[in-house]
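Q: Per full-length UniProt numbering, residue 1 is the first one in the sequence shown, and the count goes up by one each step. From the three backbone atoms N, C-alpha and C, an ideal C-beta is built for every residue, glycine too. No experiment lies behind these values; they were computed from the predicted model shown.
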Amino acid sequence: MKQMASANEGLPPFPVLILKTGRYALHHGGLGIIRTLGMLDVPVFTVIEDRFAPAGLSKYLTGKFVWDTRDLPRSRLLEGLKRIGRQLKLPTILIPTDDVGAILIAEEAVTLRQWFLFPKLRSDIPRSLADKSQLHTLCKQLGVPCPQAISPGTISEVYEFIETAAFPVVVKPSKPWLNPKIKPSIVSSPRALLDLYRRSEAQVPHNLLIQEYIRDGEDWLFDGYCDADSKCLAGFTGRKLRSYPSRFGSATLGRSVTNPALLQQAEALVKAVSYAGIMDIDYRFDKRDGQYKLLDFNPRIGAQFRLFEDSDRIDVARALYRDLTGQCVRRSPQIDGRVFVVEPYDCLASVHDLLGRQLSVRDWWRSLKGAREFAWFRRSDPFPFIVIWIRLAMAGVAKGIRFLHYLFRRSEAEGSKIRRAPHG
Numbered sequence: 001m002k003q004m005a006s007a008n009e010g011l012p013p014f015p016v017l018i019l020k021t022g023r024y025a026l027h028h029g030g031l032g033i034i035r036t037l038g039m040l041d042v043p044v045f046t047v048i049e050d051r052f053a054p055a056g057l058s059k060y061l062t063g064k065f066v067w068d069t070r071d072l073p074r075s076r077l078l079e080g081l082k083r084i085g086r087q088l089k090l091p092t093i094l095i096p097t098d099d100v101g102a103i104l105i106a107e108e109a110v111t112l113r114q115w116f117l118f119p120k121l122r123s124d125i126p127r128s129l130a131d132k133s134q135l136h137t138l139c140k141q142l143g144v145p146c147p148q149a150i151s152p153g154t155i156s157e158v159y160e161f162i163e164t165a166a167f168p169v170v171v172k173p174s175k176p177w178l179n180p181k182i183k184p185s186i187v188s189s190p191r192a193l194l195d196l197y198r199r200s201e202a203q204v205p206h207n208l209l210i211q212e213y214i215r216d217g218e219d220w221l222f223d224g225y226c227d228a229d230s231k232c233l234a235g236f237t238g239r240k241l242r243s244y245p246s247r248f249g250s251a252t253l254g255r256s257v258t259n260p261a262l263l264q265q266a267e268a269l270v271k272a273v274s275y276a277g278i279m280d281i282d283y284r285f286d287k288r289d290g291q292y293k294l295l296d297f298n299p300r301i302g303a304q305f306r307l308f309e310d311s312d313r314i315d316v317a318r319a320l321y322r323d324l325t326g327q328c329v330r331r332s333p334q335i336d337g338r339v340f341v342v343e344p345y346d347c348l349a350s351v352h353d354l355l356g357r358q359l360s361v362r363d364w365w366r367s368l369k370g371a372r373e374f375a376w377f378r379r380s381d382p383f384p385f386i387v388i389w390i391r392l393a394m395a396g397v398a399k400g401i402r403f404l405h406y407l408f409r410r411s412e413a414e415g416s417k418i419r420r421a422p423h424g
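1. Which term fits histidine 206, buried or exposed, when burial requires 16 or more other beta carbons within 10 angstroms of its beta carbon?
2. Closest by CA to glycine 370, which one among Ile335, Val66, Ser188, Leu392?
3. Taking the alpha-carbon positions, what's the leucine 253 to leucine 142 distance?
4. Kindly identify the DSSP beta-bridge partner or partners of asparagine 298.
5. Given this structure, state the Cα-to-Cα distance separating aspartate 353 from leucine 88, to the nearest angstrom.
6. In the segment 12 to 51, which residue ranges form an unbroken alpha helix (DSSP H) of at least 4 residues, counting only runs that do not cross its ends?
7. Rank Thr237, Thr154, Val316 by C-alpha distance to the C-alpha of alanine 202 and give the top, closest one.
8. Tell me the rounded alpha-carbon separation between alanine 5 and aspartate 41.
9. Isoleucine 84 and leucine 17 - do their beta-carbons sit closer together than 8 Å?
10. What is the rounded straight-line gap between the Cα of tyrosine 159 and the Cα of proline 190?
11. Residues in the same chain with beta-carbon distance under 6 Å from lysine 20, minus the five sequence neighbours each way, listed in chain order, please.
12. Would you decide whether leucine 404 is buried or exposed? Buried here means 16 or more other CB atoms lie within 10 Å of its CB.
13. Reducing DSSP to helix, strand and coil, say where glycine 217 ends up.
14. Out of Ser151, Ile34, Lys181, state which residue places its alpha-carbon closest to the alpha-carbon of alanine 317.
15. Can you give the beta carbon distance from isoleucine 278 to arginine 300, rounded, assuming they're within the 8 Å contact cut?
16. Keeping to the same chain, check which residues put their C-beta closer than 6 Å to that of alanine 149; ignore five residues upstream and five downstream.
17. Work out the CA separation of glycine 337 and arginine 127 for me, nearest whole Å.
18. Taking the alpha-carbon positions, what's the isoleucine 401 to leucine 241 distance?
19. Can you name, in chain order, every residue of its own chain whose Cβ lies under 6 Å from the Cβ of glycine 56, other than the five neighbours on each side?
20. Just grab the DSSP bridge partners of residue 444 for me.
21. Using only CA atoms, which one of Lys175, Phe167, Trp177, Leu194 lies nearest to serine 156?
22. Within 8 Å, do at least three Cβ pairs link the segment 291 to 298 to the segment 230 to 237?
23. Give the single residue among Arg199, Phe167, Phe161, Glu163 whose Cα lies nearest to the Cα of proline 173.
24. Is DSSP giving asparagine 8 helix, strand or coil here?
25. Which of helix, strand or coil does DSSP assign to arginine 247?
26. Taking all protein chains shown into account, decide if tryptophan 365 is buried (16 or more other Cβ within 10 angstroms of its Cβ) or exposed.
27. On the three-state DSSP scale, how would you describe isoleucine 84?
28. How about tyrosine 292 and glutamine 265: do their beta carbons lie closer than 8 Å?
29. Since tyrosine 292 sits in a beta bridge, which residues does DSSP pair it with?
30. If you reduce the DSSP assignment to three classes, tell me which class threonine 237 lands in.
31. According to DSSP, simplified to helix, strand and coil, what is arginine 255?
32. Should proline 15 go down as buried or exposed, given a rule of 16 or more other Cβ atoms within 10 Å for buried?
33. Only counting the same chain, and skipping five residues up and downstream in sequence, which positions put a Cβ closer than 8 Å to that of arginine 331?
34. Using the Cβ count rule (16 or more neighbours within 10 Å means buried), how would you classify glycine 356?
The following block contains the structure:
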């Protein structure tokens, strides 16, 4: 682990450390934190995979710790955070950008509080919310609307499900951090479902959630921040208008829209589970019964959090910073009509939807209208935007070379078979 940071003499109190576990260099959520707090002259540091990760080149970043945390055991993660905490010296606010980080902070709070500041909550809460099977059980216990779902323990349970299921269905890993190769997907047939179940079981047993697919629903987001008493000091709602992969992936274009009914529903859930900190919750509006059904509860900051601001220019990262540093956080109305665009992936999502006739050119143009904020492009901070396109281009070239190599090997193998074929 190599530190690349300026010395912290003279820095104001309470710096921030962004914690990333795993390897996902092209992630815009961390860049959003760097910019929104760095623009307020908060010293922001980040854990980063390599020195050329786009977020690590932001002008608003005070320093970075180049540290590949992928597949590290918990003891190594704690030791690394301990070293970072000692280097930063001042009490540092710790913000995770993934589920593993959120779970680690909650379950190792006693150790980490020696160097870091973060919201106080019961240690088991983040794991129970991030685990999609446990979340479904919790929703049923609390009477929270959610899609019908099962977590099969045997293949016979999958066969039983198929007998009454309406396809397509949504399939996702219950604990995504245990099985990153299995991505959430829409499965259209019983055979495809059985194949996916067998592949998942071969990698990580009993880690699949099969969920009802709500057709023609509207995708909604709730982002918020709650204090130690589970009081929402910031709460926002908005529409997820495009995603990648299409229909079930991460948001590539969203619009902030105040939804009082959803605000009330989300805040009641947060209170019921005694949650504290930043959260990112996905809902789908089911037109059949008029209910907002909970899909995912991310016990951490969402990548698209910069979609939302209130009239005092407070987002969830700024709300957390103010609360943990003892400043007043006054709840104000959210700004409606903000549009957040994740440029590279929204290009892919738009092309997919245009070619599939799920989106017209006119509707695409209208979707971009509003007070836009881009995930990567910012005139005052251009390097992350430039570098992500370079890295995506390099990844595309590498993928093309691998495909050509595959075709070459395949043609060689077929030619060898022809040469060995016996003559009649």
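A: Short version:
1. Looking up residue 206 in the sequence shown gives position 206. Histidine 206 is exposed by the Cβ-count criterion.
2. Position 370 of the sequence shown, counting from 1, holds the residue named residue 370. Measuring from the Cα of glycine 370, the nearest candidate turns out to be Ile335.
3. For the purposes of this step, residue 253 is taken as residue 253 along the sequence shown, with counting starting at 1. For the purposes of this step, residue 142 is taken as residue 142 along the sequence shown, with counting starting at 1. Computed Cα separation, rounded: 31 Å.
4. In the sequence shown, residue 298 corresponds to position 298, counting from 1. Looking at the DSSP assignment, asparagine 298 forms a beta bridge with Asp280.
5. Counting from 1 along the sequence shown, the entry for residue 353 is found at position 353. Counting from 1 along the sequence shown, the entry for residue 88 is found at position 88. Between aspartate 353 and leucine 88, the C-alpha separation is close to 47 Å.
6. 28 to 38
7. Counted from its first residue, the sequence shown places residue 202 at position 202. With distances taken between Cα atoms, alanine 202 lies closest to Thr154.
8. The residue you call residue 5 lines up with position 5 of the sequence shown. The residue you call residue 41 lines up with position 41 of the sequence shown. Note on alanine 5: pLDDT 42, under 50, position unreliable in the model; no value is reported.
9. The residue you call residue 17 lines up with position 17 of the sequence shown. The residue you call residue 84 lines up with position 84 of the sequence shown. Their beta carbons are under 8 Å apart, which means leucine 17 touches isoleucine 84 by this criterion.
10. As a working mapping, residue 159 is identified with position 159 in the sequence shown. As a working mapping, residue 190 is identified with position 190 in the sequence shown. C-alpha separation (whole angstroms): 8 Å.
11. By one-based count along the sequence shown, residue 20 stands at place 20. Contacts found: Val47, Thr97.
12. Walking along the sequence shown from the start, residue 404 turns up at place 404. Its Cβ having fewer than 16 others within 10 Å, leucine 404 is exposed.
13. The residue given as residue 217 occupies position 217 in the sequence shown. Correct three-state label for glycine 217: coil.
14. Taking the first residue of the sequence shown as position 1, residue 317 is located at position 317. With distances taken between Cα atoms, alanine 317 lies closest to Ile34.
15. Position 278 of the sequence shown, counting from 1, holds the residue named residue 278. Position 300 of the sequence shown, counting from 1, holds the residue named residue 300. Their Cβ separation, rounded to whole angstroms, is 6 Å, which keeps isoleucine 278 and arginine 300 in contact under 8 Å.
16. Numbered from 1 along the sequence shown, position 149 holds the residue referred to as residue 149. Only His136, Leu209, Gln211 meet the Cβ criterion.
17. Locating residue 127 in the sequence shown gives position 127, where the first residue counts as 1. Locating residue 337 in the sequence shown gives position 337, where the first residue counts as 1. In a straight line, the C-alpha of arginine 127 is about 34 Å away from that of glycine 337.
18. Against the sequence shown, residue 401 aligns to sequence position 401. Against the sequence shown, residue 241 aligns to sequence position 241. The alpha-carbon atoms of isoleucine 401 and leucine 241 are separated by roughly 34 Å.
19. Position 56 of the sequence shown, counted from the start, is the residue given in the question as residue 56. Excluding positions up to five away in sequence, the list reads Ile48, Lys64.
20. Look at the range of the chain in this structure, 1 to 424, and you will see that residue 444 is not part of it.
21. As a working note, residue 156 is residue 156 in the sequence shown. Looking at the Cα atoms, Leu194 is the closest of the given residues.
22. no
23. Sequence index remark: in the sequence shown, residue 173 carries index 173 (1-based). The candidate whose alpha carbon is nearest that of proline 173 is Arg199.
24. Reading the sequence shown from its first residue, position 8 is the one you call residue 8. Low confidence applies here, because asparagine 8 scores a pLDDT of 41, under 50, leaving its location unreliable; read the following figure in that light. Correct three-state label for asparagine 8: coil.
25. By one-based count along the sequence shown, residue 247 stands at place 247. Three-state result, arginine 247: coil.
26. Counted from its first residue, the sequence shown places residue 365 at position 365. By the 10 Å Cβ count, tryptophan 365 comes out exposed.
27. The residue you call residue 84 lines up with position 84 of the sequence shown. Here isoleucine 84 sits in helix by DSSP.
28. Sequence index remark: in the sequence shown, residue 292 carries index 292 (1-based). Sequence index remark: in the sequence shown, residue 265 carries index 265 (1-based). It is a contact, given that the beta carbons lie within the stated cut-off.
29. Start at 1 with the first residue of the sequence shown, and residue 292 comes out as number 292. In DSSP, tyrosine 292 forms a bridge with Phe285.
30. Residue numbering aside, residue 237 sits at position 237 when the sequence shown is read from its first letter. If DSSP states are grouped into helix, strand and coil, threonine 237 belongs with the strands.
31. In the sequence shown, residue 255 corresponds to position 255, counting from 1. It is a strand residue.
32. Mapped onto the sequence shown, residue 15 falls at position 15. The residue is buried, with at least 16 neighbouring Cβ atoms inside 10 Å.
33. Sequence index remark: in the sequence shown, residue 331 carries index 331 (1-based). Around arginine 331: Cys232, Leu233, Ala234, Gly235, Asp310.
34. Residue mapping note: residue 356 aligns to position 356 of the sequence shown, counting from 1. Label assigned to glycine 356: exposed.
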